[in-house]
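Read the structure below first, then the notes.
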Amino acid sequence: MRSEATSSTENRKWSDIPHGDRGGVSRGEDEEEEEGCDLSGDNYLVINGHQGGSVLLPCSCSDLHAKPQTFTWEYYRTGFSTDVLNDELYRGRLQLFNNISPGNLSLLISDLRVEDGADYRTKKRNFNKIRENRQNNSIRTAPK
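Under the working numbering, the first residue of the sequence shown is numbered 108, with each subsequent residue one higher.
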């Protein structure tokens, strides 16, 4: 998929980001790992996109053939989280890749809008425990 817009990424260590800049996102330190699906990473990825373009939010299991029981993507704005995959604002603009590779939980957001600028996080559920991805993503959008 080709986009007219350009996007860039910036890696930052999660612990180096002031708590106030994390958009209310925290990460669990003592959650259990699901075998083959370790979502660990200690980076906070900032992705810059342009209105009308596309961005890829990367996330994968350590074993790309592993299949998490359940997972979701959430975004955070003003201290509240919302399930991206079921949000009407994103209808028709999302693409997942886990049907090709079960452990690839990456999310492609197309036709970016200014209001898509937020902090995003992947979560997976395993036996009533929630395992939060340690790789958090933040999208900054700008007009064309």
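Each residue gets a CB set at the ideal place from its N, CA and C atoms; glycine is no exception.
Query	Result
Whether L219 touches T189 by CB criterion (8 angstroms)	no
Cβ-Cβ distance between L192 and W180 below 8 angstroms	yes
Pick from E222, A173 and S167 that is closest to N211, judged by C-alpha positions	S167
Given K230 as reference, the closest of S213, I246 and D223 once Cα atoms are compared	S213
Cβ-based neighbour list, I246, same chain, cut-off 7 angstroms, excluding 5 preceding and 5 following	I154, G156, V162, D223, G224, A225 and Y227
For S217 and R198, believed in contact at Cβ under 8 angstroms, the rounded distance	R198 to S217, Cβ: 12 angstroms. No contact.
8 angstroms CB neighbourhood of P165 in its chain, flanking five on each side removed	L152, S213, Q242 and N244
Cβ shell of Q202 (< 6 angstroms), same chain only, five flanking positions each side left out	L215
Beta-ladder partner(s) of E181, from DSSP	D190 and R228
Three-state class that DSSP yields for L201 in the structure shown	strand
Backbone CA spacing between G159 and I207 [nearest angstrom]	26 angstroms
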